[in-house]
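Since the structure comes first, as structure tokens, the remarks are kept for the end.
Protein chains: 2
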Amino acid sequence: MKANVSIGTVDRVIHNRGEVSKATYDKILNIIEELEYKPNLMASTLASKRTLSFAVLVPEPTSTEAYWNKPMIGIRKAFLEVQHYGVNINIHLFKQSDSQTFGKEADLILDSNPEGVVLAPFFSRESIEFIGELKKRNIPYVFIDSNISDSEKLSYIGQDSFQSGTLAAKLLDYSIPQNASVLILHFAKERDNMNHLVQREKGFYEYFNLTYGISTRKLITIEIEDPTSLESQEKIRDILISHPDIKGIFVTNSQVYYLGRILEYYGISGIRVIGHDLIRENIDFLKRGIVDFLICQRPEEQGYQAIQSLFEHLILKRKIQSENFTSIDIVTKENIEYYK
Amino acid sequence: MKANVSIGTVDRVIHNRGEVSKATYDKILNIIEELEYKPNLMASTLASKRTLSFAVLVPEPTSTEAYWNKPMIGIRKAFLEVQHYGVNINIHLFKQSDSQTFGKEADLILDSNPEGVVLAPFFSRESIEFIGELKKRNIPYVFIDSNISDSEKLSYIGQDSFQSGTLAAKLLDYSIPQNASVLILHFAKERDNMNHLVQREKGFYEYFNLTYGISTRKLITIEIEDPTSLESQEKIRDILISHPDIKGIFVTNSQVYYLGRILEYYGISGIRVIGHDLIRENIDFLKRGIVDFLICQRPEEQGYQAIQSLFEHLILKRKIQSENFTSIDIVTKENIEYYK
DNA sequence: TCTACTTTCGTGTCCGTACACGGAAGTGTA
DNA sequence: TACACTTCCGTGTACGGACACGAAAGTAGA
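Listed in order, the protein sequences are those of chains C and Y.
Count along the first sequence from 1, then add 86; that gives the number in our numbering.
Count along the second sequence from 1, then add 86; that gives the number in our numbering.
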């Protein structure tokens, strides 16, 4: 019964991890490995009735069709898989328009003292403060959607915005004649969390610089504060009319549907349009051929992976990749059915 | 202790499922539901030491970089997740060039009498015979990669080839001038399992028919038996030289790298090239800009989902979707890093 | 060396279900 | 009615590890 004794010992030592020196702990782990002893996950979770709780801090979806519903779907799926292991998930939502709500929810999370946190670090200052406290308490956290690079995160799960910009540029470049111009459109309402958009734009320009050297193709950039105003709509129309050489439009954020409405309303056609994100309004214009391409991340997968990362780290004790870029999908009318 | 008694009863009845009428079984399930009794998955798998075995029947990878290594990666990943539940997986490989090896391995699988099967129904006749026997024995089976539509499969996991053809057509159509022609290239070595390729081609033509009506754009189709022969290579070169209006080439199977070699060797450029599948040779030409687009399925994900489907069906008793199309990805130099 | 206190270590119970087992009840036959 | 045989059903043990508990050993101070 030697094995039994060893296991018993190991069990307790690991359990009292904090009271044992690093060296001793490592030695014991070696012994375990030599004995090829692998604890039975089922028995282990059955016996220990400890429950873990994960907290999620993401923006409140602004409607039932809004972007932030999607990560939630993935989070839910992950939850269904890990709940058997005694994992609970608490969702905390903040308003994108109000950084105070972020701070308030962050405090609530700290009060509940979870074993792991998933957050979208939307507001830089508040996020840094929050993860500082998490670090102090040794609570692992995973970034989703956007990143704070020099932090001790467990993992970042999201997109490489720069590359997504480069990709958009290539598609547009391929899709229009050699001598045509390109319009870059910022619908700059979501002022916060702009890092994404800046990176995308950089990537977009970079493509043309690398491909043609500077300024063979004419790129026109405009910024629209409020895409719903008549003024803005007419501004866009006027530019397109006065620049008939514009054959491609790149909308830097997810609101390409505003452009779709304008193009449709004024009956402007023959322009390739590329936008971002599979939200319902965009899908509509994509299917009707007014928008040609949507560059997408995989928000469900991001949500799923975020929870999985915490789970694998805390329960399975696996190594987690600290940067986890999800794929940059090109969605068209032809393949949209297979992107949920 | 009423609950205990009920549970004990239910336990045995479900266990002896075969000996109970459908009506009784359903009634009992209702009772369970009313009592909101959910068996504890952990305790259940711990107590029952029964092990399930799944068999996998797929083509042998022809090299370490070949396509069929990829589903294996997904299968392995799924295995790591489900092995705790007592699931074993046996891999059986057949030669794509020899339908007898398929039959032989199928027989071996039947001998081992597994609880579930994943197969690529590469050879129609042999596959139908095999699944006939599986059906007789009530062993659920999942198709991967290609489908046999009027069979009682648990699920099909793979691509919609027709749509992938349509998508390729769109990309090529967008990428070349209005008056340019398109070359469709069949490297017709893999004679079996051609259904995929036929569907792709159909989809490809369909796009142009729908978009332009018949024959506005000139489409030229040729078939190359042996892409490695000098003769074939010169044939392709001659066509491209004698048809300078060809500005786009569509290769229907995964062997676009043969075309890449020819284009490179003869120094032909200025043509958009689109092919299929993320195999190493193709990736090479994609990165160097000789191939512009690769249309891909997600072979790892297919392997993963195939095992997961069996697992969810047999252990979690979940409903499984009988058709499960994986996404049709467009991969370019710009986003390839994020497709593994 | 003795007492009081701390740390180490082995034992026993429990987690929630599966399944074997054996007694009880039911079925059929002489 | 008695006997043999099948089906039904409740009970007990096992699965493998977690953790509480208490005994044993170790440590320190008087």
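Glycine included, C-beta positions come from ideal geometry on N, C-alpha and C.
It should be emphasised that the depicted structure is a prediction, and the values quoted were computed from it without experimental measurement.
Task: Cutoff 6 Å; reference Y:Q341; Cβ partners in own chain excluding five residues on either side - done: As a working note, residue 341 of chain Y is residue 255 in the second sequence. Cβ neighbours of Y:Q341 beyond the five flanking positions: F273.
Task: Residue-level contact to chain Y via CB, C:L269, 7 Å cutoff - done: Your numbering for residue 269 of chain C matches position 183 in the first sequence. By this cut-off, C:L269 is not an interface position.
Open item on the list: Using the three-state DSSP reduction, which class does C:K181 fall into: helix, strand or coil?
Closed with: As a working mapping, residue 181 of chain C is identified with position 95 in the first sequence. Coil, per DSSP.
- [ ] Using the Cα positions of Y:E201 and Y:M128, report the straight-line distance between them to the nearest angstrom.
- [x] Indexing the second sequence from 1 puts residue 201 of chain Y at position 115. Indexing the second sequence from 1 puts residue 128 of chain Y at position 42. Spanning the two alpha carbons is a distance of roughly 20 Å.
- [ ] Would you mind sorting C:A133 into buried or exposed? The rule is 16 or more other CB atoms within 10 Å of its CB.
- [x] Position 47 of the first sequence, counting from 1, holds the residue named residue 133 of chain C. The residue is exposed, with fewer than 16 neighbouring Cβ atoms inside 10 Å.
- [ ] Enumerate in chain order the residues of its own chain whose CB-to-CB distance from C:E238 is below 7 Å, with the five nearest sequence positions on each side excluded.
- [x] Taking the first residue of the first sequence as position 1, residue 238 of chain C is located at position 152. Once the five neighbours on either side are set aside, the close Cβ partners of C:E238 are K221.
Task: Cβ neighbour criterion (16 or more within 10 Å) applied to C:Y351 - done: In the first sequence, counting from the first residue as 1, residue 351 of chain C sits at position 265. Result: exposed.
Task: Contact with chain C by Y:A129, beta-carbon distance below 7 Å - done: As a first step, residue 129 of chain Y is located in the second sequence; it is residue number 43 there, counting from the start. At least one chain C Cβ lies under 7 Å of Y:A129.
Task: Chain-ordered residues of the region 410-422 of chain Y with a beta carbon less than 9 Å from chain C - done: F411, T412, S413, I414, D415, I416, V417, T418, K419, E420, N421
Task: Y:L194 burial status per 10 Å Cβ neighbour count (16 or more: buried) - done: Here residue 194 of chain Y refers to the residue found at position 108 when the second sequence is read from its first residue. Within 10 angstroms of the beta-carbon of Y:L194 lie fewer than 16 other beta-carbons, which makes it exposed.
Open item on the list: Could you compute how far the alpha carbon of C:N265 sits from the alpha carbon of Y:S232?
Closed with: What you label residue 265 of chain C is simply residue 179 of the first sequence in a count that begins at 1. What you label residue 232 of chain Y is simply residue 146 of the second sequence in a count that begins at 1. Spanning the two alpha carbons is a distance of roughly 44 Å.
- [ ] Please check the pair Y:S235 and Y:Q285, which I expect to be a contact at CB under 8 Å, by giving their CB distance rounded to whole angstroms.
- [x] Your numbering for residue 235 of chain Y matches position 149 in the second sequence. Your numbering for residue 285 of chain Y matches position 199 in the second sequence. 12 Å between Cβ atoms; not a contact.
Open item on the list: Which residues in chain C have a C-beta closer than 8 Å to the C-beta of Y:Q249? List them in chain order.
Closed with: What you label residue 249 of chain Y is simply residue 163 of the second sequence in a count that begins at 1. Neighbourhood of Y:Q249 in chain C, by CB distance below 8 Å: E420, N421, E423, Y424, in chain order.
Task: 7 Å Cβ cut-off: residues of chain C touching Y:K256 - done: As a working note, residue 256 of chain Y is residue 170 in the second sequence. Correct list: T418, E420.
Open item on the list: So, at 6 Å on beta carbons, what are the nonlocal neighbours of Y:L179 in its own chain, with the 5 sequence-adjacent residues on each side left out?
Closed with: Your numbering for residue 179 of chain Y matches position 93 in the second sequence. These residues qualify, in order along the chain: E146.
Open item on the list: Beta-carbon within less than 6 Å of Y:Q383's beta-carbon, same chain only, minus the 5 sequence neighbours each way: which residues are those?
Closed with: Taking the second sequence and counting its residues from 1, one reaches residue 383 of chain Y at position 297. Closer than 6 Å at the Cβ level, and outside the excluded window around Y:Q383, lie Q245, T412.
Open item on the list: Buried or exposed for Y:F408, going by 16 or more other Cβ atoms inside 10 Å?
Closed with: Position 322 of the second sequence, counted from the first residue, corresponds to residue 408 of chain Y. What sits at residue 408 of chain Y in the sequence shown is Ser, not Phe. With fewer than 16 Cβ atoms within 10 Å of its Cβ, Y:S408 is classed as exposed.
TODO: Could you tell me whether the Cβ of Y:S107 comes closer than 7 Å to any Cβ of chain C?
DONE: In the second sequence, the residue the question calls residue 107 of chain Y occupies position 21. The predicted model places Y:S107 with a pLDDT of 47, which falls under 50 and marks its position as unreliable; any figure quoted below should be read in that light. Y:S107 does not count as touching chain C.
Open item on the list: Please tell me whether C:I416 and Y:I335 are closer than 7 Å, where the distance is taken between their beta carbons.
Closed with: Position 330 of the first sequence holds residue 416 of chain C. Position 249 of the second sequence holds residue 335 of chain Y. Cβ atoms of C:I416 and Y:I335: not closer than 7 Å.
- [ ] For C:E386, count neighbouring Cβ atoms within 10 angstroms of its own Cβ and tell me buried if that reaches 16, exposed if not.
- [x] What you label residue 386 of chain C is simply residue 300 of the first sequence in a count that begins at 1. The residue is buried, with at least 16 neighbouring Cβ atoms inside 10 Å.
TODO: Using the Cα positions of Y:K135 and Y:F165, report the straight-line distance between them to the nearest angstrom.
DONE: As a position in the second sequence, residue 135 of chain Y is number 49, starting the count at 1. As a position in the second sequence, residue 165 of chain Y is number 79, starting the count at 1. When rounded, the distance between both Cα atoms is 17 Å.
Task: Backbone CA spacing between C:A206 and C:G299 [nearest angstrom] - done: Numbered from 1 along the first sequence, position 120 holds the residue referred to as residue 206 of chain C. Numbered from 1 along the first sequence, position 213 holds the residue referred to as residue 299 of chain C. Approximately 37 Å, taken between the alpha carbons.
TODO: List the residues of chain C whose Cβ lies closer than 7 Å to the Cβ of Y:H170, in chain order.
DONE: Counted from its first residue, the second sequence places residue 170 of chain Y at position 84. Residues of chain C passing the Cβ test: L127, M128.
TODO: Taking all protein chains shown into account, decide if Y:N224 is buried (16 or more other Cβ within 10 angstroms of its Cβ) or exposed.
DONE: In the second sequence, residue 224 of chain Y corresponds to position 138, counting from 1. Exposed.
Open item on the list: Less than 7 Å between the C-beta atoms of C:L283 and C:N339, yes or no?
Closed with: Locating residue 283 of chain C in the first sequence gives position 197, where the first residue counts as 1. Locating residue 339 of chain C in the first sequence gives position 253, where the first residue counts as 1. In this structure, C:N339 lies closer than 7 Å to C:L283 by Cβ.
Open item on the list: Check for me: the beta strand (DSSP E) holding Y:E350 runs from which residue to which?
Closed with: The sequence position of residue 350 of chain Y within the second sequence is 264, counting from 1. Run containing Y:E350: none in the beta strand (DSSP E); it sits in the alpha helix (DSSP H), 342-351.
Task: Residues near C:D198 in its chain [Cβ-Cβ closer than 8 Å; skip 5 each side] - done: On the first sequence, residue 198 of chain C is found 112 positions in, with the first residue counted as 1. Residue identity differs from the one stated: residue 198 of chain C is Ser in this sequence, not Asp. Counting only Cβ-Cβ distances below 8 Å, and skipping sequence neighbours, we find S139, A141, N176.
Task: Neighbour flag for C:S241 against chain Y, beta carbons, 7 Å - done: Position 155 of the first sequence, counted from the start, is the residue given in the question as residue 241 of chain C. No, because no Cβ of chain Y sits closer than 7 Å to the Cβ of C:S241.
Task: Identified DSSP bridge partners for Y:L380 - done: Taking the second sequence and counting its residues from 1, one reaches residue 380 of chain Y at position 294. Paired residue(s): Y:G361, Y:V417.
Task: Candidates C:I327, C:S130, C:F188, C:E219, of which the one nearest C:G172 by Cα - done: Position 86 of the first sequence, counted from the first residue, corresponds to residue 172 of chain C. For C:G172, the nearest C-alpha among the options comes from C:S130.
- [ ] Report yes if the CB atom of Y:L253 is closer than 7 Å to the CB atom of C:E420, and no otherwise.
- [x] By one-based count along the second sequence, residue 253 of chain Y stands at place 167. By one-based count along the first sequence, residue 420 of chain C stands at place 334. Cβ distance < 7 Å, so Y:L253 and C:E420 count as in contact.
Task: Chain-order list of residues whose beta-carbon lies under 6 Å from that of Y:F64 (same chain, five-residue window excluded) - done: Outside the modelled stretch of chain Y, which goes from 87 to 426, sits residue 64 of chain Y, for which no answer is possible.
Open item on the list: Buried or exposed for Y:Q49, going by 16 or more other Cβ atoms inside 10 Å?
Closed with: The structure shown does not extend to residue 49 of chain Y, since chain Y spans only 87 to 426, so no value can be given for it.
Task: Partners in chain Y for C:S261, counting only beta-carbon separations shorter than 8 Å - done: As a working note, residue 261 of chain C is residue 175 in the first sequence. Y260, S261, listed in chain order.
Task: Contact set for Y:K156: own chain, Cβ-Cβ below 6 Å, skip 5 residues either direction - done: Residue numbering aside, residue 156 of chain Y sits at position 70 when the second sequence is read from its first letter. Closer than 6 Å at the Cβ level, and outside the excluded window around Y:K156, lie P385, E386.
Open item on the list: Using 7 Å as the threshold, is the C-beta distance between Y:E219 and Y:R366 below it?
Closed with: Here the question's residue 219 of chain Y lines up with position 133 in the second sequence. Here the question's residue 366 of chain Y lines up with position 280 in the second sequence. Cβ atoms of Y:E219 and Y:R366: not closer than 7 Å.
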